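A.B. asks: The sequence shown lines up with residues 5 to 225 when you count with this note's numbering. First the structure, then my questions, so here it is.
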Amino acid sequence: MIGREPNRGLAWDGGALREALAESATWVEAHAEALNALNVFPVPDGDTGYNLARALRAAAEEATRAPSDSLGDVATSMARGALMCPSAGNSGNVLAGLLRGMASQLEGSAAAGPLEMAKALREGANAAYNALERPVEGTILTVARCAADGAEQAANSGGNLLDVLEAAERSARLAVAQTPELLPILKEAKVVDAGGEGYRVFLEGLGFYARGEPVPAEEVP
5 MIGREPNRGL AWDGGALREA LAESATWVEA HAEALNALNV FPVPDGDTGY NLARALRAAA
65 EEATRAPSDS LGDVATSMAR GALMCPSAGN SGNVLAGLLR GMASQLEGSA AAGPLEMAKA
125 LREGANAAYN ALERPVEGTI LTVARCAADG AEQAANSGGN LLDVLEAAER SARLAVAQTP
185 ELLPILKEAK VVDAGGEGYR VFLEGLGFYA RGEPVPAEEV P
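Right, dumping it as structure tokens:
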């Protein structure tokens with residue numbers, strides 16, 4: 005079946021997406037406290053890490069209840085779980101929008117290879133931007149857009165799925181580092197954007213799965 009060893013880095017079916025999502029949720033949960041410590045925008049309430057983790061775990065759990073193992077059913081269930089999460093907060097809601105956009109792109113595909121994943125990351129970024137009346141740069145929106153840029157470059161250069169995910173994470177990492185230059189409140193607080201860093205961690209978690217590696221067991225301080 006596509007998406008199982010040794011093809012994790014080549015293409016994913018619905019079952020592989022479900023497993024990747026669960027692994028990524030675990031990785032975001034391990035970073036929750038560290039993400040909370042970065043949280044100064046839009047309000048410094050110190051819960052961005054928890055909100056992202058809740059939304060992603062809800063997505064992962066709903067994915068296990070998909071009516072079939074098809075990529076479309078799993079992706080749709082993933083997005084529904086995040087959207088229905090009652091305690092996702094602002095950052096979790098933005099993440100839910102990203103997942104909804106990804107799902108809308110993936111639901112018509114039999115498997116998510118490099119081109120499909122790059123298009124899904126792009127559609128996720130577009131959906132998140134379009135959901136907000138006044139998008140703010142220097143946030144998770146910027147990071148998602150830059151991650152999609154990196155993913156598309158890798159896919160268009162002939163990279164496999166793992167290449168695409170790793171390029172997306174690298175581009176996200178660079179974008180996160182630049183968020184204080186785009187959002188003065190971050191520069192004043194000497195932090196990067198918590199939501200953007202959370203999205204980078206989400207992508208990093210998907211990369212662990214694509215490489216066939218379990219997420220590290222230790223919690224991130």
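We put the beta carbon where it would ideally sit given N, CA and C, even for glycine. If you're wondering where the values come from, they're calculated on a predicted model, not measured in any experiment.
1. Under the three-state reduction of DSSP, which class applies to P10: helix, strand or coil?
2. Does the stretch 91-102 come into contact with the stretch 66-73, if we say contact requires no fewer than three beta-carbon pairs (one atom in each stretch) closer than 8 angstroms?
3. Can you tell me which of the three DSSP states A176 falls into?
4. Run through DSSP, which three-state label would A63 get?
5. Quick one: what's got a C-beta closer than 7 angstroms to G93's C-beta in the same chain, skipping five residues either side?
6. Comparing C-alpha positions only, which one of R61, G162, V168, C89 sits nearest to G154?
7. Over the uninterrupted alpha helix (DSSP H) stretch that includes S81, give me the two end residues.
8. What are the partner residues of W16, as DSSP defines its beta bridges?
9. Taking only three categories from DSSP, how would you classify S91?
10. Can you list, in chain order, the stretches of the alpha helix (DSSP H) that have 4 or more residues and sit fully within the stretch 142-171?
C.D. replies: According to the data block:
1. Confidence is the limiting factor: at P10 the pLDDT is only 45, short of 50, which leaves the residue's position unreliable, though a coordinate-based value still follows. Three-state result, P10: coil.
2. When C-beta atoms of the stretch 91-102 are compared with those of the stretch 66-73, fewer than three pairs fall below 8 angstroms, so the two segments do not count as touching.
3. Helix, per DSSP.
4. DSSP places A63 in helix when its eight states are reduced to three.
5. Around G93: D51, N55.
6. Considering only alpha carbons, the answer is V168.
7. DSSP places S81 inside the alpha helix (DSSP H), whose first and last residues are 75-88.
8. Under DSSP, W16 shares a beta bridge with A116.
9. In the structure shown, S91 falls within a coil segment according to DSSP collapsed to helix, strand and coil.
10. Here the runs fully enclosed are 144-160.
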